[in-house]
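Per the working numbering, the sequence shown starts with residue 6, numbered consecutively.
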Amino acid sequence: MRLQKYMAQSGVASRRKSEEIILAGRVMVNNIIVKELGTKINPKKDVVKVDGKIIKLEDKKVYIMLNKPKGYVTTLKDKHSEKIVLDLIDGIEERIFPVGRLDADTTGLLLMTNDGDLAYKLTHPSYEVPKKYIAEVKGVPNSKKLNRFRKGLKIDGRITSEAYIRIVKKHRDSSVLEISIHEGRNRQIRKMCEYIRHPVIELKRIGIGDLRLGNLKLGEWRYLTDREINYLKGL
């Protein structure tokens, strides 16, 4: 089994994040630091350590939905932040990790699991799983700007994929937008809104695919239902 897949199925992080951890020199196989991606291991014989701790395959899969508050980062280890999303989850013995990212200032729906294969599906652009957001922005974008947003904008040197956007409410100095994208670039919606000169004031993710945040309160979490799990696995 490839090392990054073993790490993902052990609940360390998603496969892509596991690759970053390997490249950072934080992984040892049989007490030897491994930095080469694609390294294959024998799960029954080899001893794998991440940050000095032995990891093992998780037999029990865990699927959680969290309503992330502001100020928490979606990494499991951040020397620059005192608040990580894992601090909000209690009573879980298995190692779990966030699926994708929400920046510290963004609230809303965040999935957490130890199922590395599912996390890969939900975050890889080729699967085109839509993520729905509610954004309050400065000003009210006109139809021309909305159409540019829908067709794609050049962010960080690359054109974004087609997106959905509509105005939900108009205020005197701001507006509320419903936005849906299926990419997961760093701070993508904030950068897109900045590009059309309507910077984000507040941003909240309310849906991933057909999953909805519903009435889950800020800072609270719940297990996904069997129906929700089966839906995600069927994507």
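Idealized CB from N, CA, C, for every residue including glycine.
CA nearest to the CA of T118, picked from Y236, M6, L240, L229: Counting from 1 along the sequence shown, the entry for residue 118 is found at position 113. Checking every option, the nearest Cα to that of T118 belongs to L229.
Contained beta strand (DSSP E) runs [length at least 3] in the stretch 65 to 149, N- to C-terminal order: 68 to 73, 112 to 118, 136 to 143
Short Cβ contact (8 Å threshold) for V90 with T128: Here residue 90 corresponds to residue number 85 of the sequence shown, with the count starting at 1. Here residue 128 corresponds to residue number 123 of the sequence shown, with the count starting at 1. Their beta carbons are not under 8 Å apart, which means V90 does not touch T128 by this criterion.
Terminal residues of the beta strand (DSSP E) in which K196 lies: Working through the sequence shown from its first residue, we reach residue 196 at position 191. K196 -> not in any beta strand (DSSP E); alpha helix (DSSP H) instead, spanning 193 to 200.
Reduced DSSP secondary structure (H/G/I, E/B, other) of I186: Stepping through the sequence shown from its first residue, residue 186 is reached at position 181. Three-state DSSP puts I186 in a strand.
Collapsed DSSP secondary structure at S180 in the structure displayed: Against the sequence shown, residue 180 aligns to sequence position 175. S180 falls in the strand class under three-state DSSP.
Opposing strand residues paired with V53 [DSSP bridges]: Your numbering for residue 53 matches position 48 in the sequence shown. The partner list for V53 (beta bridge, DSSP) reads V34.
Inter-stretch contact (C-beta, 8 Å, three-pair minimum) for the stretch 182 to 198 and the stretch 155 to 172: yes
I38 versus Y125: straight-line alpha-carbon distance, rounded: Translated into the one-based positions of the sequence shown, residue 38 becomes position 33. Translated into the one-based positions of the sequence shown, residue 125 becomes position 120. For I38 and Y125, the distance between alpha carbons rounds to 25 Å.
Three-way DSSP call (helix, strand, coil) for L216 in this model: To locate residue 216, count along the sequence shown from 1; it is residue 211. DSSP places L216 in strand when its eight states are reduced to three.
Test item: CB-CB of R232 and M70 under 8 Å: By 1-based counting over the sequence shown, the position of residue 232 is 227. By 1-based counting over the sequence shown, the position of residue 70 is 65. Here R232 is not near M70, since their CB atoms are 8 Å or more apart.
Pick from S180, S15, A140 that is closest to E98, judged by C-alpha positions: Within the sequence shown, residue 98 is the residue found at index 93, counting from 1. E98 has its Cα closest to that of S15, out of S180, S15, A140.
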